[in-house]
Structures are given as C-alpha cells and as structure tokens.
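S.K.: I'd like to ask some things about the structure below.
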Amino acid sequence: MQSKTFNLDELTLEDIEPKQSAENNSGNVGRQCLKCSHVRLASEGATPSYECPKCGAIYDKVEQLLSASARLAR
Ligand SMILES: [Zn+2]
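With positions in the sequence shown counted from 1, the corresponding number in this note's numbering is that position plus 387.
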C-alpha cells in the first residue's frame with residue numbers, strides 16, 4: 388500500500404463527480420471553504436454550488452481530505 392499525500396492545490400473538477408443536485412446553486416450559500424476560509428455568498432451563484440468561488444476548491448473534497456488527515460494525525 389502506498390502512502391497518500393494530500394495536496395489541496397491539485398484539486399480539480401476532474402477529481403470529483405458532481406452530485407445531481409449540484410445545479411442548485413443556492414444550496415451552499417453560507418458554507419465556509421475549509422481551504423481559504425471564504426464564506427460563500429448568495430451573489431456567487433454563478434459558481435457551481437460544490438465549488439468555492441474564491442479558490443476553486445471542491446467543498447466535499449476538501450472536507451474529505453481534511454477529515455482523512457485528521458484521522459491520520461491521531
Ligand atoms: Zn476557498
């Protein structure tokens with residue numbers, strides 16, 4: 388088994404399959420990006436709801452990696 392490395396800067400849309408509800412852009416208003424700490428605004432609805440409008444990180448992906456890292460850190 389090879390050890391995993393986490394590089395948030397390499398996250399792209401290709402790394403995740405958007406959920407069917409991804410087209411509902413109001414879904415993540417007020418959600419905070421765990422990568423850059425930007426809180427999503429309603430006016431940023433042009434950006435897909437699964438993606439941070441500021442840094443482009445995928446919310447679920449970042450949270451997944453962070454929780455995985457937290458487990459490894461114990
Ligand atoms: Zn961000």
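C-beta atoms are modelled at their ideal positions from N, C-alpha and C, and glycine is treated no differently.
#1: Give me the Cα-Cα distance between T434 and L421, rounded to the nearest whole angstrom.
#2: Indicate the three-state DSSP secondary structure (helix, strand or coil) for V426 in the structure shown.
#3: Could you tell me whether any non-hydrogen atom of ligand 1 is closer than 7 Å to the CB of A444?
#4: Work out the CA separation of A455 and P440 for me, nearest whole Å.
#5: Using the C-alpha atoms, what's the distance from D447 back to Y437?
M.R.: Let me lay it out:
#1: Reading the sequence shown from its first residue, position 47 is the one you call residue 434. Reading the sequence shown from its first residue, position 34 is the one you call residue 421. Distance between the alpha carbons of T434 and L421: 17 Å.
#2: By 1-based counting over the sequence shown, the position of residue 426 is 39. Here V426 sits in strand by DSSP.
#3: Residue mapping note: residue 444 aligns to position 57 of the sequence shown, counting from 1. For ligand 1, at least one heavy atom lies less than 7 Å from the Cβ of A444.
#4: Counting from one through the sequence shown, the residue named residue 440 turns up at place 53. Counting from one through the sequence shown, the residue named residue 455 turns up at place 68. In this model, P440 and A455 are separated by some 24 Å (Cα to Cα).
#5: Position 50 of the sequence shown, counted from the start, is the residue given in the question as residue 437. Position 60 of the sequence shown, counted from the start, is the residue given in the question as residue 447. Rounded to the nearest angstrom, the two C-alpha atoms are 7 Å apart.
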